[in-house]
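Colleague: Counting in the numbering used here, the sequence shown runs from 220 upward without gaps.
Glycine is no exception: its CB is placed at the ideal position from the N, C-alpha and C atoms.
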Amino acid sequence: FCLPSVARSEAFGIVQLEAMACKKPCVSTSLPTGVPFVNQDKKTGIIVPPKDPQALAKAINILLDNPALREKYGKYAKERVKREFAREAMVHKIMEVYRGMAGK
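See the structure below:
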């Protein structure tokens with residue numbers, strides 16, 4: 220899956236989570252947003268500089284040419300979505316924030 224965003228308007232990249240949940244490795248850009256937080260470089264996919272078509276093409280070709288790497292990143296991507304972004308995990312994290320704010 221490729222998310223070549225170049226603008227900060229792509230705040231999180233929820234579509235990445237959808238792809239990752241389907242065991243798809245991601246290629247995304249290193250924007251100062253949540254996009255590179257979701258896709259972890261060399262773990263769930265590859266992160267490239269924004270507005271760098273050569274780096275984007277290279278990353279895509281690395282994944283196209285290496286099925287084992289695609290499988291590895293895709294497997295970790297799915298595990299990351301389950302572990303970090305599933306409803307239960309998100310509710311737990313939100314409750315931690317609320318408890319911290321309440322001083323408990």
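Tell me where the alpha helix (DSSP H) around residue 319 begins and ends.
Modeller: The residue given as residue 319 occupies position 100 in the sequence shown. Counting along the chain, the alpha helix (DSSP H) containing residue 319 begins and ends at 306-321.
Colleague: Check each candidate in 299, 317, 222 and 319 and name the one with the smallest Cα separation from residue 266.
Modeller: As a first step, residue 266 must be located in the sequence shown, where it is residue number 47. Measuring from the Cα of residue 266, the nearest candidate turns out to be 222.
Colleague: Measuring CA to CA, which of 287, 269 and 290 is closest to residue 249?
Modeller: For this step, residue 249 is matched to residue 30 along the sequence shown. The option with the nearest alpha carbon to residue 249 is 269.
Colleague: Between the C-alpha atoms of residue 243 and residue 257, what's the straight-line distance to the nearest angstrom?
Modeller: Along the sequence shown, one-based indexing puts residue 243 at 24. Along the sequence shown, one-based indexing puts residue 257 at 38. The alpha-carbon atoms of residue 243 and residue 257 are separated by roughly 13 Å.
Colleague: Where DSSP assigns a beta bridge to residue 254, which residues make up the other side?
Modeller: For the purposes of this step, residue 254 is taken as the residue at position 35 of the sequence shown. None; residue 254 has no bridge partner.
Colleague: Less than 8 Å between the CB atoms is what I'm expecting for residue 252 and residue 227, so what's the real figure, rounded?
Modeller: Here residue 252 corresponds to residue number 33 of the sequence shown, with the count starting at 1. Here residue 227 corresponds to residue number 8 of the sequence shown, with the count starting at 1. Confirmed, about 6 Å.
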